[in-house]
Structure formats: C-alpha cells, structure tokens
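K.L.:
If you're matching positions, the sequence shown starts at 27 in my numbering and goes up one per residue. We put the beta carbon where it would ideally sit given N, CA and C, even for glycine.
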Amino acid sequence: MIDFGFIKERDAKAELDEIAAELKQRFSLETLWRPHQIHSNTIFVDGEGEGDGIIITKPSIALIRTADCVPVVLFDRVADIAGVFHSGWRGTELKIVSKGVKKMKELDCRNISAVIFPAIGFCCFEIGEELLERFKNAEIPTERRGGKLYADLKTAIKNELQNGGVTDIFDQSECTFCGEGYFSYRRDKTEKRHATFVVVK
Ligand SMILES: [Zn+2]
27 MIDFGFIKER DAKAELDEIA AELKQRFSLE TLWRPHQIHS NTIFVDGEGE
77 GDGIIITKPS IALIRTADCV PVVLFDRVAD IAGVFHSGWR GTELKIVSKG
127 VKKMKELDCR NISAVIFPAI GFCCFEIGEE LLERFKNAEI PTERRGGKLY
177 ADLKTAIKNE LQNGGVTDIF DQSECTFCGE GYFSYRRDKT EKRHATFVVV
227 K
C-alpha cells in the first residue's frame, strides 16, 4: 500500500520530531527516513544522509521539508515503491526528479505517477539577472514582467517528468508565496517548513 501527503502550517523545525512520531503512529510503522537537505541531487534508497530525495521499497515512511522549494512525490502502486524529492532551483537545475524517475525504473517501476505539492509559483518566483544563463542552460522557463525576471520551476519539473515517460502527473501545487496558509521562506524569511511524506506499507 502506498500513501503520501503534504502537511501545512506546522513549525517543522521545532516540531519535525513530533510530525515524525505522529506519522509513525498513524501508519503503525517503525522506520522513518528524512534526509539532511543540502540542495543536491543525491537520492537515498531505504536510507538517509546528506541529500534531497529518498525512495522507499520497504514498509517505512520518508519525509522532506520545504517552504517555497518544490516537493515532488513519485509512486508506483504496482511495484509498491515511492519516493519524495526536494526540488528547489538548485535541485531542479541538477534534475533531481529525472534522477528519481531513473532510479525508480532501475527498481522495476513501470507505472510511475507523480504529485507536485505546493511551492512558489511562476507568479512570484523572482530571480536575479545573474541566474538567467544558468536557468536557460537547465531548461527552466523564465519570463520578464515589469522589468523583473521570473522562473517557472514547476513547468521545468513537469517537463522532466514527461521526458522520463511519466505522464500521470497530479499538480496540487498552489503558490506558497501568494496562496493562503503556506510557509514561504521568500516572503517571511521563516524557519517554518511544510513536511511532504510518502509511505509504503
Ligand atoms: Zn504566487
């Protein structure tokens, strides 16, 4: 059995242990993995460490924390394998989601679906001119509006998914910056984070 979710409005820095304990209790599971996130494209399988993605193939929970960066869940209900990935602009530049799709295919996933959870949108994700060339090279769409430069991480990630053969994509991603009830690091310089989790049971 596969499950996944996105937890809003919690102080994950202070309460991540509490969220972890609740999830273990809710799903009656002992094992919960969470990476020490470093904006990389490092992915662990049934483990954790310095990285930004975890794939689970055994009964367990994995979670990542975000506020504006894009949380992406991949799951295959036939193979009973799921993954959760932290794809901010650096992770998107490094194509962590493509790497996740590839790793899951190596684990014999043939029916991968994807969910994109709330993150900063094209409406609000302003970037500096110095990043334009990098974003272009990384195939992350950009647009100039009112003299400012904006980037579209979610479309870049959808393109990654489609290029990897994943067409079953659920976009649940409201904008964390202008949407209601979200933590936004950009907007508030907050320490608070959302938790996105996957479960294999
Ligand atoms: Zn917005």
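Relative to the alpha-carbon of residue 184, which residue among 214, 196, 209 has its alpha-carbon at the smallest distance?
P.N.:
Here residue 184 refers to the residue found at position 158 of the sequence shown. The option with the nearest alpha carbon to residue 184 is 196.
K.L.:
Can you tell me the Cα-Cα spacing of residue 43 and residue 169, whole angstroms?
P.N.:
As a first step, residue 43 is located in the sequence shown; it is residue number 17 there, counting from the start. As a first step, residue 169 is located in the sequence shown; it is residue number 143 there, counting from the start. Rounded to the nearest angstrom, the gap between the Cα atoms of residue 43 and residue 169 is 39 Å.
K.L.:
Helix, strand or coil for residue 124 per DSSP?
P.N.:
For the purposes of this step, residue 124 is taken as residue 98 along the sequence shown, with counting starting at 1. Helix.
K.L.:
Since residue 141 and residue 99 should fall inside the 8 Å C-beta cutoff, what is the C-beta to C-beta distance between them, to a whole number of angstroms?
P.N.:
Numbered from its first residue, the sequence shown carries residue 141 at position 115. Numbered from its first residue, the sequence shown carries residue 99 at position 73. The pair is a contact, with the Cβ atoms about 4 Å apart (cut-off 8 Å).
K.L.:
Tell me whether residue 196, by its Cβ, gets closer than 6 Å to a heavy atom of ligand 1.
P.N.:
Looking up residue 196 in the sequence shown gives position 170. Residue 196: no, Cβ never under 6 Å from ligand 1.
K.L.:
Exposed or buried, what is residue 67 when buried is set at 16 or more other beta-carbons lying within 10 Å of its beta-carbon?
P.N.:
To locate residue 67, count along the sequence shown from 1; it is residue 41. So residue 67 ends up on the buried side.
K.L.:
What's the gap between the Cα of residue 103 and the Cα of residue 31?
P.N.:
For the purposes of this step, residue 103 is identified with residue 77 of the sequence shown, where counting begins at 1. For the purposes of this step, residue 31 is identified with residue 5 of the sequence shown, where counting begins at 1. Roughly 15 Å separates the two Cα atoms.
K.L.:
Shortest alpha-carbon distance to residue 219 belongs to which of 128, 135, 145?
P.N.:
Locating residue 219 in the sequence shown gives position 193, counting from the first residue. Minimum Cα distance to residue 219 is reached at 145.
K.L.:
Indicate, with yes or no, if ligand 1 has a heavy atom lying under 6 Å from the CB of residue 172.
P.N.:
Translated into the one-based positions of the sequence shown, residue 172 becomes position 146. Checking the 6 Å criterion, the Cβ of residue 172 is out of range of every heavy atom belonging to ligand 1.
K.L.:
Would you tell me roughly how many angstroms separate the C-alpha atoms of residue 75 and residue 124, rounded to the nearest one?
P.N.:
What you label residue 75 is simply residue 49 of the sequence shown in a count that begins at 1. What you label residue 124 is simply residue 98 of the sequence shown in a count that begins at 1. Looking at the two C-alpha atoms, the distance is approximately 20 Å.
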